[in-house]
Structures are given as C-alpha cells and as structure tokens.
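Numbering (our numbering) for the sequence shown: 10 to 164.
Each residue gets a CB set at the ideal place from its N, CA and C atoms; glycine is no exception.
Below is one structure; the comments refer to it alone.
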Amino acid sequence: MHKIDKSIGVYLKNSVDIVVRIFHWFLVLLFVALFITGDNHYEVPHILLGYLLVSLIISRAAWGFIGSYNALWGRYLYTPKAIFGYLSKLIQNKPVAFEVHNPAGSTMILVMLLTLILIVVSGLLTQGLFELDGAFYPLTKYFSDAQALLIRDSH
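Here's what the structure looks like:
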C-alpha cells in the first residue's frame, strides 16, 4: 500500500511506466522545438520534427491499448458525473486520492492530446496544400483555396 498525502489527495508514488515517462519528456522537447522552428520559419526541421511527433503520438496511442495497467486509456476515462463530483470536492477542499490522474486531470490530458492531433493534422494538410508534398498531399484535391488558407492559418 502506498502512503497518501491527504493535503493534496494523491498517492506519493509515481505510478506511470517508463514508456509514458519517455513520451512525456519527448513531447515537451518536441513541442518546444516545433514552436521555435515553426515561429522562425525553419520549414525543413519543422516538418521533420512534425513527423517525429506523429510517430510519438501513434506510439503512445498504441501503448494506451497494449501497455501497462496505468498507461491504458480506460484509466483516463471518467463520466461527467465523476468529473463534476471531483471538482465539487476539490472546491470544498475535500481531497480524493487517485493512483494516476484525477478525473479533471484525465479529461485535460485527453483534451490536450486531441488538440495536439488537430494541430498535427492541420500541419500535414498545410504541407500537402502549400508544399505539394507529404502524407496528406493526396487529400488536398478536396480543399478549396479558402479552406487551404484557413487550415494554414489555424496551424
């Protein structure tokens, strides 16, 4: 049994496996590198780093189905009732212990991953639409010029 810190409501043991930890740190490094290369118009490094991010996301998605118990996606899914119940207890300063992530944190993780996937898809589409190259280039015939500009601007 692991000791629980009642003041913060979490286990005092890091229960994520090495694969998830590597994912976390590579994601941080890649996000910073992509931000720097994208903002400064270093297209080739930005595109290569973007493809590395795609492979990282695919790897983590797969690990969420076949990985260790605490890495499985089912451990991150909570009902709206559980999420609001947790937030209510948090507001009332009644800590609740969770082994991995609390319902609000789990929901935020899923929202961040979905947002990251949308950014990746917009980047792949931008590459196809404006560089006439890349994984999504065959899909570009389905987009108008106005849609292409919207996708580029959203990326």
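In the displayed model, Phe-107 falls within a strand according to three-state DSSP.
Ranked by how close their Cα comes to the Cα of Ser-24, the residues Glu-108, Leu-57, Arg-69 have Glu-108 in first place. For Arg-30, the enclosing alpha helix (DSSP H) begins and ends at 27–48. In the three-state reduction of the DSSP assignment, Asp-142 falls in the coil class. Per DSSP, Leu-159 is one residue of the alpha helix (DSSP H) stretching across 154–163. Distance from the Cα of Leu-43 is smallest, within the candidate group Arg-30, Ile-31, Leu-61, for Leu-61. Of all C-beta pairs linking the region 51–67 to the region 130–146, three or more are shorter than 8 Å, placing the two stretches in contact. Remark: C-beta atoms of Leu-65 and Gly-73 do not approach each other more closely than 8 Å. Under the 8 Å Cβ criterion, the region 48–55 does not count as touching the region 95–109, having fewer than three qualifying pairs. Judged by beta-carbon spacing, Leu-125 lies beyond the 8 Å limit of Gly-137, meaning their Cβ atoms are not closer than that value. The shortest CA-to-CA distance from Phe-35 to any of Arg-84, Ser-163, Arg-69 is the one to Arg-69.
Spanning the alpha carbons of Gly-94 and Thr-88 requires a straight line of approximately 10 Å.
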